Amino acid sequence: LKEVRNLASLNHEGIVRYNSSWLEKPPSGWQLCSQTLEDWLNKNSSRDQENAKNLFKQLVSAVEYLHRKNKIHRDLKPSNILLDEDGRVKLCDLGITAD
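Residues -19 to 79, numbered by my numbering, are exactly what the sequence shown covers, in order.
In structure tokens form, the structure reads like this:
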């Protein structure tokens, strides 16, 4: 529930969106993403440095946005960074975000 409230108050292209009510069964509001950054790193290692730089810039932008909103993501790790179908970063798991 805290994560849904946090997501409802945030609007940034680098943070996963929740577009519906958590009371739906099954919940259908989560933005679809194809893989985690952890998956991407396991597949690409150091061979794709330009794409890695781009992903890092997107991640920094999302974290900076959270900080401007006085929020701190307290569980930032590759498995909590999603990549959508177009390879764009979507920060998720804001359930233990501190204000």
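We put the CB at the ideal spot given by N, CA and C, even for glycine.
Note that this is a predicted model, so its numbers are computed, not measured.
How big is the Cα-Cα spacing for residue 50 and residue 71?
Your numbering for residue 50 matches position 70 in the sequence shown. Your numbering for residue 71 matches position 91 in the sequence shown. Approximately 16 Å, taken between the alpha carbons.
Short check: CB of residue 17 to CB of residue 63, under 9 Å?
Stepping through the sequence shown from its first residue, residue 17 is reached at position 37. Stepping through the sequence shown from its first residue, residue 63 is reached at position 83. It is a contact, given that the beta carbons lie within the stated cut-off.
So, is residue 67 buried or exposed, given that buried needs 16 or more other C-beta atoms within 10 angstroms?
Your numbering for residue 67 matches position 87 in the sequence shown. Answer is exposed; the Cβ neighbour count stays below 16.
Which residues in the same chain have their Cβ closer than 7 Å to the Cβ of residue 61, if we skip the five residues on either side of it in sequence?
One-based indexing of the sequence shown puts residue 61 at position 81. For residue 61, where only same-chain residues beyond five positions count, the Cβ hits under 7 Å are 16, 17, 39, 69 and 71.
Outcome for residue 47 when other beta-carbon atoms lying within 10 angstroms are tallied against a minimum of 16
Reading the sequence shown from its first residue, position 67 is the one you call residue 47. Result: exposed.
Reduced DSSP category for residue 70 - H, G, I as helix; E, B as strand; rest coil:
What you label residue 70 is simply residue 90 of the sequence shown in a count that begins at 1. Strand, per DSSP.
Residue 39 by DSSP, collapsed to three states: which one?
In the sequence shown, residue 39 corresponds to position 59, counting from 1. Helix.
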